[in-house]
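Input: a single structure, listed below in structure tokens.
Protein chains in written order, with my numbering: chain A, 12 to 251; chain B, 1155 to 1259.
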């Protein structure tokens, strides 16, 4: 028995050591990834600022567990910052809200089924029937709010996609590019320039003017996107 | 930007304000404040943005070229006179309440 215990302890120690080594090796990448996820969750106008600020913060922490913890904190911070931004809700939050409401509606529906199984509605006591009707109204209200949220989401997404397609075509024409692949090449160069001076990408500098024009168009597009998402929030009483 | 209303003073926000008052003439980055106050990053940055939008803090980018220094710029925060007054008042109020509590024990 003692032998089994010792073998388990040794294997466990080796496994823990291996996991710790892997975590240490992957720490920088994992923390970078977490930070990028956090930045993506932010409202568009906050993304550039927080990307640089948080990257600067991570640089001050030695690679390891604490860097990962700090990066995980950014993810939470992104959500809190979004909540604090008045009148703004991240599209993902809208979806989460809809999913949450679907959950509540389904739970209510289940509850209704349980009540109904106790006998037909005709044989219910008046107060029980009133309770049933109230729950039904509540459920219908929830479903209506949910479908309104989904509809708004779909409409906004459709409008945004249409505008993006129109903008892409306009950018292509304005930049005098024969086809979309050239536009993609310019976009890649633009992204590369944003990656703070990676020498490999500096050969794209001959396209600086094109990049600048594309950047201006992208900023205008982002401003429209922000305006698009500035919708009234759902409130607890069902109003929009 | 975040709504301009007085920030709620929680335990974490008091710790952040204390970090500023402890180094009144120094501009602090988020990482510095994190080290000094021990407030978790998930709480710290929303707080800094709230203080910033309430006019208690000002912030500015570090005056360096990221390419030259080989790292991203830091953003430095500094208490405004309004922020200093609020922070001092809030911390004094907490200290006096703590004093009362201790005197009752």
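Here a beta-carbon is modelled for each residue, glycine too, at the ideal position from N, C-alpha and C.
| Query | Result |
| --- | --- |
| Beta-carbon separation (whole angstroms), residue 1213/B vs residue 1229/B, contact threshold 8 Å | 5 Å |
| Residue nearest to residue 1179/B in terms of C-alpha spacing, selected from 1232/B, 1243/B, 1244/B, 1249/B | 1232/B |
| Distance between beta carbons of residue 1175/B and residue 1244/B, contact taken as under 8 Å | No, residue 1244/B and residue 1175/B are not in contact; Cβ-Cβ is about 10 Å, not under 8 Å. |
| Buried/exposed call for residue 52/A, threshold 16 Cβ in 10 Å | buried |
| Sufficient close CB pairs (3 or more, under 8 Å) joining the segment 37-56 of chain A to the segment 12-21 of chain A | no |
| Contact set for residue 1221/B: own chain, Cβ-Cβ below 7 Å, skip 5 residues either direction | none |
| Cβ-Cβ distance between residue 88/A and residue 1161/B below 7 Å | no |
| Nearest candidate by alpha-carbon position, reference residue 61/A, set 1181/B, 1239/B, 1226/B | 1226/B |
| Helix, strand or coil at residue 1230/B according to DSSP, with G and I counted as helix | strand |
| Cutoff 7 Å: residue 19/A Cβ touching any chain B Cβ | no |
| Where residue 29/A falls, given that 16 or more other Cβ within 10 Å makes a residue buried | exposed |
| Unbroken alpha helix (DSSP H) run spanning residue 1198/B, endpoints | 1195-1207 |
| Which listed residue (1217/B, 1182/B, 1216/B) has its alpha carbon closest to that of residue 1202/B | 1182/B |
| Sequence-distant residues of its chain with Cβ nearer than 6 Å to residue 1241/B (five each side left out) | 1171, 1175 |
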